[in-house]
Each structure stands twice: as C-alpha cells, then as structure tokens.
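**Student:** Let me give you the structure first, and then I'll get to my questions.
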Amino acid sequence: MEMLQITWFVLWAVLWSVYFMLDGFVFGIGFLSGFIAKNDTEKRVLINSIGPVWDGNEVWLLTAGGATFAAFPTTYALMFSYLYTALLLLLFSLIVRGVSFEFRGKIDSPLWKSSWDTAIIVSSFLPALLFGVAFGNIFSGLPMDAAGYHGGLISLLNPYGILTGLLFVFLFAVHGALYATVKTTGELSARAFALAKLLWIPLLLIAVVFLGYTAYATKLYNNYMKVPVLFVVPAIAVLSLVAVEGFMMLKKPLSAFTASCLTIVFVVVTGVAGLFPNLIPSSLDPAFSLTIFNSSSSQYTLAIMTVVAGIFVPTVILYKIWAYRLFRAPVTEKDVLENHEAY
Amino acid sequence: MDIVALSRLQFAVTTMFHFIFVPLTLGLSVLTAWFETRYVQTGDETYLRMTKFWGKLFLINFALGVVTGITQEFQFGMNWAEYSRYVGDIFGAPLAIEATAAFFLESVFIGVWIFGWDKLSKKAHATTIWLAAFGTNLSALWILIANGWMQKPVGFVLRNGRAEMNDFAAVVFNPYAWFKFLHTVTSGYVLAGFFVMGIAAWHLLKKNEVPFFVCSFKNAAVFAFVSSLAVAVTGDFHAVEIAKVQPTKFAAMESVWETQKGAPMHLMLWPDEANERNAVATASVPGALSFLAFHDTNAEVKGLKDFPKDERPPVLPVFLSFRIMAGLGALIAGLAFLAVIMPRWSRFVDFKIFLFIMVAAIPLPYLAIQLGWLVAELGRQPWAVYGVMKTAVGVSKSVTSLQVLGSLIGYTALYGLLGAIDIYLLVKYAKLGPEKSHSGMIPAKEVA
C-alpha cells in the first residue's frame, strides 16, 4: 500500500530537479545578462537563446506545485502558507521576469529597455536565491508543531538557508553561462564561457561547504548512514561538478553543460533522498514532520494521478526534446536583427 | 477587515485580473490559428499578414495571462491552506492534470510557433498554433472541472477528516463543469471576435489597409456571431443546471424570496435584502422563471426564505451581475448579427456610425465575462464547496491579516502597473496596423 506514496515521492523529486535543471539556466542567463552582454543586440541574442523554451521550462514549476497539491495536499497547504512571504516575493519575481522577456523589445527607447534589463536581472536573481533558501530550510526542517508554524521570512534566512541559497545561485550562474556559451556565437559565447570558468571556482567551494555543513545543520545524512549505497547520489553530484570543469578545460561547453544538468539534478536528489520519508521535517518535533504517509492523498487519487503522470510526463518529455532539437542551432546577431518575431 | 475578507478580496482581485487576459487568449488563439490555416489553404498573403498582426496582439495579451496564472495555482496553498488540505485529494488532481496535459502543450508550442517560422513547413507551423490553442482551451476545461466540483461536488466521500475522491469519472464528467466550460470558452470566442472587429473597425474608419481589415472583420464577425449563439444556448443549459443543483444561487440571480410554482419573471425588479422581499417587482411574465429554470412553466422555484440566512449569497450583487450580464449578452449577440450582415453591403466601410459602435463595443464582452464570474463565484457563497465547506473556514491559519493586506497591496500595485503597460502596448500595436513586409516568413536567403 505504500508503493504509491513512494512513487509520488520519487516523482516529486524528479519534477523539482527537472524544473531546476531547466529554469536554472534561464535564471542564470537572466541575472548574468548584464555581465555577459555588452550592448542591446547581444542582450537580445541572450534573451532569444531562451526565447522558445523559457515558458515551457517554467511549467515544470506549475507541475511540481500541482503534483504536490494532488499527491500531498497537506504538504502543499502547509508549505505554501508557511512560506507565504518568501513565496510572494518568488511569485512577483516570476511574474516580472515573464513579462520582461515579452515587453522589452516592444518599445524602442533606451530607458524602456534598460528598465526591463534591470527587471530581468533582479527577477532572475531573486527566485534563484529564494528557491535555494526555501529548499535549505526544507532540508533542515521548519519550526512547526501542533500549534502551527513558528517561523517567518527572517527565520528562513538562517546560515544554512543562506548557504543553500548561494549554492543555487552559483549552480544556476554556471549553468546559465554554459547554456549561453553553447547557444550563442563569437565574442558573446567566449565571454559567457570565461564567466562560467570564473564562477565554477566559488561554486566548488560553496558545494564543499554545503556538503559538510549539511551534516551539522540537517538530518539528511541519517538515511545515507542507514543505506550507504545512497552515497552514490551525492558522489554523482560531486563527480558531475568536477566534470563541468574538466569539460571546460577541454573546451567542450556542450558536454560541460550536460554535466551541469546532472549536477543540478543530483544536488536536488541528494537533498530529497535524505528527507525520505519526510517531505518537510519539523525542526521542533519529528512527530509533526510532514511525511509522504501522513500528508498524502488517498490511494485512489494517487492511483489515478499515477496513470495520468505515466501518460503525460513521457509525452511532454518527447515533444520538449523535439522542440529543443528544433532550436538547437546557436542564436546569432543576424538572427535577431532579421527576425521580426524575435524578442 | 478580517483575514477572510482580505483573502477573499485578494482572490477576487487576482482572479478577475487574470481573467481579463484569459478569454482573449482562448478566442484569439483559435482565430489566429484559423487565419494561418486559411493562408496554408489559399496561399493568400493577406491571411499571412493577418496571422502575424493578430498573432502579435495575441502574444502581448498572452504574456500577462501566463504570468498571472502562476499566482492562481499558488494562492490556494498560500491563502486557503485549510481549504487545500480539506479538498486537495480531489481538487488537486484536475489542477495537476491541467499543468501536465495542457500548460506544457500551450507553452511549448507557443514557443515553437513564435520562433519557428523559418524552421518548419507551412503546414507544420500552422499545426503548432492549433496545438497551442488546443492546450489553452484544454486548460480551461481542467480548471473548470476543478471549479465545477466546488459548485456541484460529486464523486467523493467525507472520510479521514477531508473530502476524498472515490469516482474520478464523476468529477471529470460533471455536467456542471461542462456547461460552465462551454459557456466560458464560447464567451471567450465572442470576446476575441469583438476585439478583432473593434480594432478592424478603428482602422476602417481611418481607411487603413481596407481589404486587410475587411477580411479580418468578416472572419471575426462569423466567429463572434456563431459563438454568441453558443453562449446563449450553453447559458440556458447552465441556468437549468444551477436551478437544479444550486437553488440559492439561482434564487439570488432572480431575487426570488418565496418558493412558488409557476414563478413569473419580473422585467422590473429590485431586491430589498434587509426585509427579505423585492422593493420593485413589476412587468411580469407569468411562468417565465419556472420555464427558464426547469423548461416547464408550472415548475416550483425555490425562494431564498427556504434557506437559513447564513446559507444565502449576497443577493443584490449577484442579481445585478446576472441581469447586466444577460442584457449585455443579448446586445452582443445582436451586434454580432449585424456585424455578419453589414459587410455584405458594398458601402459598409463608409458606414461610420456602425464602425464607431463596433470600436466602442470592445469592452462589452469583457464586462459581461467579469460579471458572469461574479454570478458564479459570489452566487456560490457562503460556500467554498457548495453545501460541503464554507469559504470562511478555508483560510490559512498561519497567515496573518497583515500579511494578506501587504500581499493585496503588492498584487494591486504590480498588477495595476503591468496591466497598464500591457493595455498601452496592445493599443500601440493595434494602432500600428500590420507590417508591410513579412520577412520572418520568407527564408532569409531569399530576402538577401
């Protein structure tokens, strides 16, 4: 009878990690755009490099949120209401980011464009940081008990939360810079590549501190001690991160980007695997942790949703791969200058 | 204001704002897809330019619909945690299905459509906008299946301190949800038709691109007229369903206080809620209300007095919203009929009064649709889930009214700003008219 809950726990991990893998580079490109692009045309090239895919990537968040609602409604309800202010900032950022891409090119005025450029940077940076802070706090547990929630926006900004926030920011920064390297040409691509190399060093440092500090700030490693084979997961995360640098030294940005995808997925899975069977542990009393068993939907609903996910998730993956292949060519300055439909 | 009132106000603000953009997306996606299909079929360049011009307006509008939609999914958990916890077993499923089955389709193929002009064959490219339009309309279906369940809860049992689903098919094939879906999407088609006709009429008044805008106008007129008939028919079915399953909503819509057989419809009517009666009720058509409700002039219509005061919706706003919506619906259908007929007359483009009316008519479907939502959602009160869970108990326990006040101010400011920008851009690009060249379609090498 527990199979369905476990299935949805795995799906939950998959949805969040795929979301971060896909929207991560959009965030990275967004908040690095000021450093990578030197003029308006280059900015347009960057935005158009994610143009066909950013909206579809963001839907993974809606799916992760919807899946949490459908499969673990109590977790959805408490997680979203407890993290109210942080989520509000996140929502506002995602709203502004989305319209920025669409609106930026619609009026040919330097002030208009530079305003949206700033909006893109801020609205891409904040979600990267906030997602990290949120997940750091989920990993370490939220202060909740029978009386409800005892935290707030400030209590989320504890050292481990901030550390995880920084981890996400740097993961997405390297990820975005590598995507920009692959998807643009010439000087722009070279600048992005140099930035990826530069940012990899602090990323490695933060990742090492994170893995160490996790032992102190969370109970994530308890599961690993019980089932040591699980250490494969963080090992892959670390190896992938090292491979990013290796491929960059070999001047293979596409391979480095692929390794970066793996890094993000396995960092998220490292955390989530440590949570099992919790979705959100209580930092006050384990009796009030939200687990996949005490917060899940009925077996009936889980079974229906398993069939739904079994049909649609593979279908979505297939046509998304088709779309990525269709737009695999790098975006050039000529493309954006000649194409009236471009952002 | 207390937390419940603030949370409800925020939900109303964010939802109604979201729904400024959604109906146009529903209808204009279909119209744009139709224009592109006509281009593929006929090779007529006018249809290609129509696809691009109306498609551009579609995208400016679409952007705001998408981003404000994220709020919709999040705020059930953020502001209505107790509601989400109580009904999530059943209510979460259609939302999750909406995301996986519809949002992906819509977002991925919109992206391909915008950027894929020179990467796909004509037919394949036209297919992508149809897929996006299908995704958009499919998402309306799933969200209205969720909403339909709040209106007429089916396929569940109360167990383990919550509503648990025990019949998925009953939830999916809930007649209430389907009537609502059909009524909503066809309203969106009417709105899109009037949007296109209004902008076309504005250009025709200025004698800009006459063949282009006459062609746009004619297509949109047929679309709007057929859809307006469908709105009326589905609205009738919907009203019958409401009378059957939501007697308090129906009674509020028509301000019926006393249960009666062969109930009349009063053309002049004004509710007096405090005294549980109507201040004015004349110009009556005997049996008409019973006929509207049950398609039987002798049927019994329940009055509000049959229900405890704390189970009645606010009568005046529901009554007024319904009356004005229905009146606008009739006016809109009449205008749509004229819009189909008029272009057959050769001097149509010189008939300035008519064109001016069509420009002025752009806001009418918007107003009717917002009022329709007020009828649907205010009329359901005080219930969140009709007869099962009251709205007031659904609010988040851990969120303070100060937080909600803050977020309400934030939403209002942000949405206000973005809405103003979006409308400014829509007007700007609508006035600009179609581009003369369309190099996006012709492969770059041919241009060079």
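The listed protein sequences derive, respectively, from chains A and B.
Here our numbering is used: the first residue of the first sequence is 2, the next is one more, and so on.
Here our numbering is used: the first residue of the second sequence is -6, the next is one more, and so on.
The beta-carbon is built from N, C-alpha and C at its ideal position, and this holds for glycine as well.
Quick one: what does DSSP say B:Ile355 is sitting in, helix, strand or coil?
**Tutor:** Of the three classes helix, strand and coil, the one that applies to B:Ile355 here is coil, per DSSP.
**Student:** With burial defined as no fewer than 16 other Cβ atoms inside 10 Å of the residue's Cβ, what is the status of B:Met434: buried or exposed?
**Tutor:** At B:Met434, the pLDDT of 45 sits below 50, so the modelled position is not reliable; the number obtained from the coordinates is stated separately. By the neighbour-count rule (16 or more Cβ atoms within 10 Å), B:Met434 is buried.
**Student:** Does the CB of A:His341 have a neighbour CB from chain B at under 8 Å?
**Tutor:** Answer yes: the Cβ-Cβ gap between A:His341 and chain B drops below 8 Å somewhere.
**Student:** For A:Ser299 and chain B, any beta-carbon pair shorter than 8 Å?
**Tutor:** Judged by the 8 Å Cβ criterion, A:Ser299 is in contact with chain B.
**Student:** Within the region 138 to 194 of chain B, note down every full beta strand (DSSP E) run reaching 3 residues or more, in order along the chain.
**Tutor:** Entirely contained in the region 138 to 194 of chain B, the beta strand (DSSP E) runs reaching 3 residues are, in chain order, 149 to 152 and 155 to 158.
**Student:** With a threshold of 8 Å between beta carbons, is B:Asn159 in contact with chain A?
**Tutor:** Closer than 8 Å to some Cβ of chain A, the Cβ of B:Asn159 qualifies, so yes.
**Student:** From the beta carbon of A:Gly1, is the nearest beta carbon of chain B less than 8 Å away?
**Tutor:** No statement about residue 1 of chain A is possible, as the shown extent of chain A runs from 2 to 344 and does not include it.
**Student:** Taking only beta-carbon positions, decide if B:Val59 is within less than 8 Å of chain A.
**Tutor:** By this cut-off, B:Val59 is an interface position.
**Student:** Please go through the same chain and pick out, in chain order, the residues whose beta-carbon is closer than 7 Å to the beta-carbon of B:Val333, but skip the five residues on each side of it.
**Tutor:** Ala214, Val215 and Phe218, listed in sequence order.
**Student:** Which stretch, first to last residue, makes up the beta strand (DSSP E) that contains B:Phe260?
**Tutor:** Looking at the sequence itself, residue 260 of chain B is Leu, so the reference to Phe does not match. From DSSP, the beta strand (DSSP E) with B:Leu260 extends over Met258 to Asp265.
**Student:** If you reduce the DSSP assignment to three classes, tell me which class B:Thr290 lands in.
**Tutor:** It is coil, neither helix nor strand.
**Student:** CB-CB under 6 Å to B:Ala441, same chain, minus the five flanking residues each way: which ones, in chain order?
**Tutor:** Per-residue confidence for B:Ala441 stands at a pLDDT of 32, beneath the threshold of 50, marking its modelled position as unreliable; the derived number appears in the next sentence. If we look at B:Ala441 and ignore the five residues flanking it on each side, it has no Cβ neighbours.
**Student:** Between the beta-carbon of A:Ala72 and the beta-carbon of B:Val101, is there less than 8 Å?
**Tutor:** Their beta carbons are not under 8 Å apart, which means A:Ala72 does not touch B:Val101 by this criterion.
**Student:** Below 6 Å CB to CB, which residues in the same chain sit around A:Thr333 once its five sequence neighbours on both sides are set aside?
**Tutor:** The answer, listed in chain order, is Thr186.
**Student:** Who are the near neighbours of B:Val6 in its chain, counting only those whose CB is closer than 8 Å to its CB and skipping five residues on each side?
**Tutor:** These residues qualify, in order along the chain: Leu401, Tyr404, Thr405 and Tyr408.
**Student:** Who are the near neighbours of A:Leu130 in its chain, counting only those whose CB is closer than 6 Å to its CB and skipping five residues on each side?
**Tutor:** So the qualifying residues of the chain are Gly166 and Val170.
**Student:** What residue from B:Thr39, B:Trp47, B:Thr8 and B:Ser0 has the CA that sits closest to B:Gly20's CA?
**Tutor:** When each option's Cα is compared against that of B:Gly20, the closest is B:Trp47.
**Student:** Compare the C-beta of B:Gln3 against all C-beta atoms of chain A and say whether one is closer than 8 Å.
**Tutor:** No - not a single Cβ of chain A is within 8 Å of the one on B:Gln3.
**Student:** Does any residue of chain A bring its CB to less than 8 Å from the CB of B:Ala377?
**Tutor:** No, B:Ala377 lies away from the interface with chain A (no Cβ there is under 8 Å from its Cβ).
**Student:** So who's on the other strand from B:Met382, going by DSSP bridges?
**Tutor:** For B:Met382, which the question treats as bridged, DSSP gives the partners B:Val378.
**Student:** Since A:Leu172 and A:Phe211 should fall inside the 8 Å C-beta cutoff, what is the C-beta to C-beta distance between them, to a whole number of angstroms?
**Tutor:** About 10 Å separates the two Cβ atoms, so there is no contact after all.
**Student:** Three or more C-beta pairs closer than 8 Å, one from the region 128 to 140 of chain B and one from the region 87 to 97 of chain B: is that the case here?
**Tutor:** Touching, yes, given that three or more Cβ pairs across the two stretches are closer than 8 Å.
**Student:** Taking 8 Å as the CB-CB limit, is A:Leu79 close to chain B?
**Tutor:** Yes, its Cβ sits closer than 8 Å to a Cβ of chain B.
**Student:** Of all Cβ atoms in chain B, is any one closer than 8 Å to the Cβ of A:Glu334?
**Tutor:** So no, A:Glu334 is outside the interface.
**Student:** Anything in the region 64 to 80 of chain B with a Cβ closer than 9 Å to a Cβ of chain A? List those residues in chain order, please.
**Tutor:** Listed by position along the chain: Thr64, Glu66, Phe67, Gln68, Phe69, Gly70, Met71, Asn72, Trp73, Ala74, Glu75, Tyr76, Ser77, Arg78, Tyr79 and Val80.
**Student:** Taking only beta-carbon atoms, is B:Ser391 less than 8 Å away from chain A?
**Tutor:** For B:Ser391, the answer is yes, since a Cβ of chain A falls inside 8 Å of its Cβ.
**Student:** If distances are taken between C-alpha atoms only, which option among A:Leu291, A:Thr307 and A:Thr219 comes closest to A:Tyr1?
**Tutor:** This structure cannot settle anything about residue 1 of chain A, because the visible part of chain A is limited to 2 through 344.
**Student:** Could you tell me the alpha carbon to alpha carbon distance between B:Leu124 and B:Met258, rounded to whole angstroms?
**Tutor:** B:Leu124 and B:Met258: Cα-Cα distance of roughly 44 Å.
**Student:** Alpha carbon to alpha carbon, how far is A:Phe70 from A:Asn340?
**Tutor:** Cα to Cα, A:Phe70 sits roughly 41 Å from A:Asn340.
**Student:** Does A:Gly213 pass the burial test, meaning 16 or more other C-beta atoms within 10 Å, or should it be called exposed?
**Tutor:** Exposed, by the Cβ-count rule.
**Student:** Quick test of your reading: B:Gly228 and B:His288, contact by CB under 8 Å. State the CB separation rounded to the nearest angstrom.
**Tutor:** B:Gly228 to B:His288, Cβ: 14 Å. No contact.
**Student:** What are the boundary residues of the alpha helix (DSSP H) that B:Thr35 is part of?
**Tutor:** Unbroken alpha helix (DSSP H) run through B:Thr35: Ile(-4) to Thr35.
**Student:** Within 10 Å of its beta-carbon, does B:Trp263 have 16 or more other beta-carbons around it, so buried, or fewer, so exposed?
**Tutor:** B:Trp263 is exposed by the Cβ-count criterion.
**Student:** Who are the near neighbours of B:Asn291 in its chain, counting only those whose CB is closer than 8 Å to its CB and skipping five residues on each side?
**Tutor:** Only Lys254, Gly255, Gly280 and Ser283 meet the Cβ criterion.
**Student:** Determine, using beta-carbon pairs with one atom in the region 199 to 211 of chain B and one in the region 224 to 240 of chain B, whether at least three such pairs fall under 8 Å.
**Tutor:** No: fewer than three Cβ pairs fall under 8 Å.
**Student:** Quick one: what does DSSP say B:Ile346 is sitting in, helix, strand or coil?
**Tutor:** B:Ile346 falls in the helix class under three-state DSSP.
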